[in-house]
Amino acid sequence: MSNLPPGFLTELVTGQFRTLPVPTTDYTGKTIIVTGGSGGIGLECARHFTRLGAQKVVIACRNTEQGEAAKQDIETSTSTREVVEVWPLDLTSFESVKAFCRRADTTLDRLDVLLENAGVFVSEFALLAEAEGHETTVTVNVLSTFLMAVLLLPKLRATAARFNVTPHLTIVGSDAHYYAKFPERNEPNIFEALKRSTPDALVERYNVSKLLSVLLTRQLAQRCLATGNAAVVINTANPGFCRSKLFRNLPGVLDVVARTLMFLFARTNEMGARALLAAADGPHGAFVMNCKVVQPSLFVTSEEGERVGERLWDELVGILEVVEPGVTGNI
10 MSNLPPGFLT
20 ELVTGQFRTL
30 PVPTTDYTGK
40 TIIVTGGSGG
50 IGLECARHFT
60 RLGAQKVVIA
70 CRNTEQGEAA
80 KQDIETSTST
90 REVVEVWPLD
100 LTSFESVKAF
110 CRRADTTLDR
120 LDVLLENAGV
130 FVSEFALLAE
140 AEGHETTVTV
150 NVLSTFLMAV
160 LLLPKLRATA
170 ARFNVTPHLT
180 IVGSDAHYYA
190 KFPERNEPNI
200 FEALKRSTPD
210 ALVERYNVSK
220 LLSVLLTRQL
230 AQRCLATGNA
240 AVVINTANPG
250 FCRSKLFRNL
260 PGVLDVVART
270 LMFLFARTNE
280 MGARALLAAA
290 DGPHGAFVMN
300 CKVVQPSLFV
310 TSEEGERVGE
320 RLWDELVGIL
330 EVVEPGVTGN
340 I
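Now the structure itself:
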């Protein structure tokens with residue numbers, strides 16, 4: 010597939026060296042959830058939200074010990090106390106996602122921003138029993154991410170109605186979606202096809218997961234508009250190429266290439282966080298990159314991309330309904 014829109018490569022390269030605007034939105038009194046907030050870009054997002062006056066910032070992470078260290082780091086740098094909380098969340102397990110969302114629904118007074126930042130780039134192909142046999146990258150970056158989104162939509166909408174605000178649901182994407190080959194789109198069942206390993210599964214599966222994320226976010230945003238449930242802004246954000254630990258598990262030559270590119274081009278995690286906070290205050294249905302709305306891949310906006318997006322949505326609904334019957338009624 011030829012996926013690159015005009016001017017994309019120029020924006021990609023020059024944007025890496027651009028100083029993005031420091032977030033200034035006032036989050037006083039608001040409640041934020043940041044998944045993957047124990048380190049890297051997620052930590053810097055949580056720090057910004059805290060600095061900007063949020064009443065509660067929930068760091069959702071698999072390793073709560075790292076989460077507590079992140080909390081202490083934020084409290085020290087922002088001179089705040091009793092704002093950041095650390096909650097366990099394991100996106101490789103659907104049960105963990107459901108437990109987290111039940112806790113959020115029952116204990117949080119409000120939810121103003123759900124920033125789904127957590128993601129993985131794995132070094133080994135594996136199918137997860139805790140996720141109905143789906144592959145790790147697809148589970149974490151797509152299935153669990155959208156399960157969480159749909160489970161927490163009612164909380165976001167209730168916040169909009171009760172406090173007369175516009176909550177945001179931002180799912181973190183990547184420019185990797187522009188490079189996905191995605192031959193699985195021609196299979197009878199896309200998610201079933203993604204359970205099969207391929208020679209280039211390591212890199213390609215990550216790229217595909219980010220393409221699926223963009224396609225499904227657009228579908229979710231469109232469906233919320235169609236049902237009249239547009240009180241929540243839903244969008245996707247690309248933090249850019251950052252000095253995070255996302256690619257820490259790359260083998261051999263790929264690791265050398267990644268380290269070289271990171272040295273030459275990567276922006277800081279704090280700069281990447283600025284890009285994500287722009288989306289957490291940005292427009293509905295958009296793909297946000299370098300703090301502005303940009304065109305996603307040509308495939309995403311093509312007729313074929315729209316058809317594939319609808320197919321993916323139908324398949325996703327089928328999967329989520331098995332995991333949590335009735336959940337898609339939240340849309």
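Going by my numbering, the final residue of the sequence shown carries number 340, and the count climbs one at a time with no gaps.
From the three backbone atoms N, C-alpha and C, an ideal C-beta is built for every residue, glycine too.
From a predicted model like this one, the values you see are computed outputs, not experimental measurements.
Asked	Found
Tell whether a beta-carbon distance below 8 Å holds between alanine 189 and asparagine 216.	yes
Would you mind working out which of Asn278, Ala282, Pro197 and Val241 sits nearest aspartate 323, comparing C-alpha positions?	Pro197
Tell whether a beta-carbon distance below 8 Å holds between glycine 182 and phenylalanine 308.	no
Reducing DSSP to helix, strand and coil, say where glutamate 324 ends up.	helix
Three-state secondary structure (DSSP) at histidine 143?	strand
Consult DSSP for isoleucine 309 and reduce its assignment to one of helix, strand or coil.	Note that residue 309 corresponds to valine in the displayed sequence, not to isoleucine. Helix at valine 309.
Glycine 364 and leucine 224 look like a contact to me (Cβ under 8 Å); what is the Cβ gap, rounded to whole Å?	As shown, the chain starts at 10 and ends at 340. That puts residue 364 outside it, with no answer to give.
Quick one: Cα of asparagine 278 to Cα of alanine 284, how far?	10 Å
Do glycine 24 and methionine 298 count as a contact pair if the criterion is CB distance below 8 Å?	yes
Check whether the stretch 78 to 88 touches the stretch 131 to 141, taking contact to mean three or more Cβ pairs, one atom from each stretch, closer than 8 Å.	no
Under the rule that 16 or more other beta-carbon atoms within 10 Å means buried, what is glutamate 312, buried or exposed?	exposed
Considering leucine 13, what are the terminal residues of the beta strand (DSSP E) in which it resides?	That residue, leucine 13, is in no beta strand (DSSP E); it is neither H nor E in DSSP.
According to DSSP, is arginine 171 part of a helix, a strand, or is it coil?	helix
Out of curiosity, what's the CA-to-CA distance linking leucine 234 and glutamate 91?	36 Å
Among the residues of its own chain, which have a CB less than 6 Å from the CB of leucine 162, if the five just before and after it don't count?	Asn339
Identify which residue in Arg56, Arg276 and Ser132 has its Cα closest to the Cα of phenylalanine 26.	Arg276
If you compare alpha carbons, which of His57, Ala282, Val31 and Pro192 is closest to glycine 314?	Pro192
Pick from Arg232, Leu124, Phe134 and Ala108: whose alpha carbon is nearest that of aspartate 209?	Phe134
For the alpha helix (DSSP H) that contains lysine 65, what are its first and last residues?	Run containing lysine 65: none in the alpha helix (DSSP H); it sits in the beta strand (DSSP E), 65 to 70.
Out of Asn173, Leu211, Asp184 and Ser218, which one is the CA nearest neighbour of arginine 194?	Ser218
What would DSSP say about cysteine 251, mapped onto helix, strand or coil?	strand
So, helix, strand or coil for phenylalanine 200, using DSSP?	helix
What would DSSP say about isoleucine 83, mapped onto helix, strand or coil?	helix
By alpha-carbon positions, which one of Ala63, Lys204, Gly249 and Pro15 ends up nearest to alanine 185?	Gly249
Excluding sequence positions up to five away, which residues of its chain have a Cβ less than 6 Å from the Cβ of proline 97?	Thr73
Got a sec, what are the start and stop residues for the alpha helix (DSSP H) threonine 115 sits in?	103 to 116
Applying the 10 Å Cβ sphere with the 16-neighbour rule, what's the burial state of aspartate 35?	exposed
Would you mind stating whether leucine 286 and cysteine 54 have Cβ atoms separated by less than 8 Å?	yes
To the nearest angstrom, how far is it from the Cα of asparagine 126 to the Cα of serine 153?	12 Å
Whole angstroms are fine: how far does the CA of valine 66 sit from the CA of histidine 57?	10 Å
Is phenylalanine 155 helix, strand or coil when you go by DSSP?	helix
Can you tell me which of Met157, Glu20, Ala108 and Leu123 puts its alpha carbon nearest to the alpha carbon of leucine 329?	Met157
Is it right to say asparagine 173 is buried, meaning 16 or more other beta carbons lie within 10 angstroms of its own, or is it exposed?	exposed
Helix, strand or coil for arginine 194, going by three-state DSSP, please let me know.	helix
CA-CA distance, arginine 171 and glycine 38?	14 Å
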